[in-house]
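Here is the structure we will look at.
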Amino acid sequence: MAKHLSRAAVRRQRETLLDSRVHRDPLPAELAARAERFVPVSLEETDWLVVRPLFLAVVATCPTRGVDAFSKRCVALAGFLVWCALEGHDLTIFSAMRFELIEAYISVTGRSASCRSHLRSLARSANPAGVPPAPATMPHDPVRAPYTAVEMAAIERLALTQPTAVQRRALCAVVGLGRGAGLDSQDFRNLFESHVVDRGDDGIWVEVQAPRPRLVPVRRAYEPLVRAGLEGLSASQLVIGLSSTRRNVAGKVVERSTILGNAPRIEAGRLRTTWLADLLTSDVPLVVVMAVSGLTSARTLTEIVAHLDGDTNRGVAR
4 MAKHLSRAAV RRQRETLLDS RVHRDPLPAE LAARAERFVP VSLEETDWLV
54 VRPLFLAVVA TCPTRGVDAF SKRCVALAGF LVWCALEGHD LTIFSAMRFE
104 LIEAYISVTG RSASCRSHLR SLARSANPAG VPPAPATMPH DPVRAPYTAV
154 EMAAIERLAL TQPTAVQRRA LCAVVGLGRG AGLDSQDFRN LFESHVVDRG
204 DDGIWVEVQA PRPRLVPVRR AYEPLVRAGL EGLSASQLVI GLSSTRRNVA
254 GKVVERSTIL GNAPRIEAGR LRTTWLADLL TSDVPLVVVM AVSGLTSART
304 LTEIVAHLDG DTNRGVAR
């Protein structure tokens with residue numbers, strides 16, 4: 004059985020709670036009177052009398068000022084508190100008005116989403132400590148603008164003219180697969196030579212591995228760079244680096260490259276963005292763009308479209 008507090012104890016609890024919320028106006032007289040007169044028609048009178056003191060303590064903190072919404076909160080709260088009493092939970096604000104207990108009530112009784120909403124609203128006002136913190140959001144780096152045609156021409160020339168064969172091969176792989184198939188550092192980590200299938204006139208296909216497995220055709224214009232990036236590798240070799248556990252592999256290739264003059268900074272993310280922008284402005288269905296890019300939402304695509312000018316936007320895939 005639950006511990007049933009006396010009216011005096013609940014009244015003291017309510018007064019303490021309200022004293023700590025000096026910024027909130029008290030209930031209007033009309034709503035306070037409604038709460039005093041409220042009797043739930045679907046509950047046993049004996050059960051209602053047990054929870055009524057706690058009911059009044061909770062509704063006294065209700066921020067809602069509309070009569071209809073207030074009445075709905077009263078109905079939802081009464082049913083919830085009686086359930087708490089019958090289940091043996093402590094009849095105190097700090098024990099009962101918790102999101103965890105509200106979710107258990109909704110799950111067991113099958114109450115509606117609006118009932119959950121009413122109870123959560125009351126829990127936020129009556130017992131903020133019982134409200135779980137908002138889930139942490141993953142940081143999201145804004146998408147940078149795609150490379151221009153002039154910038155890409157300079158980057159391709161830079162990759163093909165690296166002073167050593169090792170530098171040339173690695174940078175050609177990054178640029179060719181990044182701009183030609185949308186691969187980034189995450190995709191390169193587990194990419195072996197055997198995953199890049201050269202079918203000659205039928206094109207080059209990339210079998211991208213986890214965590215975003217997909218099959219991607221290389222854009223025709225970038226097939227020469229990709230072939231240069233695979234030159235001399237065996238099927239069992241990683242396309243970039245020696246270990247699949249390292250991070251930012253594409254960035255490390257760029258760092259080891261020889262950059263002369265005013266060449267644009269090479270970033271795998273921007274190469275992928277440029278590839279995506281190319282797809283969005285071509286006759287490629289949006290569902291195909293999502294599939295070959297490994298994206299699970301259109302957020303990135305929306306940000307890319309914002310970088311495109313008005314004339315280009317008119318051709319964006321739908």
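Add 3 to the 1-based position in the sequence shown for this note's numbering, that's all there is to it. Glycine included, every Cβ here is placed at the ideal spot set by N, Cα and C. This structure is a prediction, so every number in the text was calculated from the model and none was measured.
Starting from residue i, trace the beta strand (DSSP E) in both directions and tell me its first and last residue.
i      : result
Arg217 : 217-220
In this structure, what does DSSP give as the bridge partners for residue i?
i      : result
Asp201 : Ile207
Leu241 : Phe195
Between which two residues does the alpha helix (DSSP H) harbouring residue i extend?
i      : result
Cys175 : 168-184
Ala32  : 32-40
Thr151 : Taken as a continuous stretch (DSSP letters only), Thr151 belongs to no alpha helix (DSSP H), as it is neither H nor E.
Gln212 : No alpha helix (DSSP H) holds Gln212; DSSP gives it neither H nor E.
If residue i and residue j are in contact, beta carbons under 8 Å, what's the gap, nearest whole angstrom?
i      : j      : result
Thr277 : Val146 : Their Cβ separation, rounded to whole angstroms, is 11 Å, which puts Thr277 and Val146 out of contact at 8 Å.
Thr254 : Val242 : In the sequence as presented, Thr is not what sits at residue 254; that position holds Gly. Their Cβ separation, rounded to whole angstroms, is 15 Å, which puts Gly254 and Val242 out of contact at 8 Å.
Val238 : Glu210 : With the sequence shown as reference, residue 238 is identified as Ala, and Val is not the correct amino acid for it. Between Glu210 and Ala238 the Cβ distance is about 12 Å, and since that is not below 8 Å, they are no contact.
Val178 : Glu159 : 6 Å
Pro149 : Ile307 : 7 Å
Val229 : Gly183 : 6 Å
Leu72  : Pro43  : Going by the sequence as given, residue 72 is Ala instead of Leu. That belief does not hold up - the Cβ atoms of Ala72 and Pro43 are roughly 17 Å apart, past 8 Å.
Could you give the DSSP three-state label for residue i: helix, strand or coil?
i      : result
Leu161 : helix
Leu46  : coil
Leu52  : helix
Gly235 : coil
Asp188 : Per the sequence shown, residue 188 should be read as Ser rather than Asp. In the structure shown, Ser188 sits in a helix (DSSP, three-state: H, G or I).
His63  : For the sequence presented, residue 63 should be read as Ala rather than His. Of the three classes helix, strand and coil, the one that applies to Ala63 here is coil, per DSSP.
Pro227 : helix
Ignoring anything shorter than 4 residues or poking outside the region 72-143, list the alpha helix (DSSP H) runs there in chain order. 96-99, 102-112, 116-129
Which runs of the alpha helix (DSSP H), 4 residues or longer, sit entirely within the region 254-319? 271-283, 289-296, 302-310, 313-316
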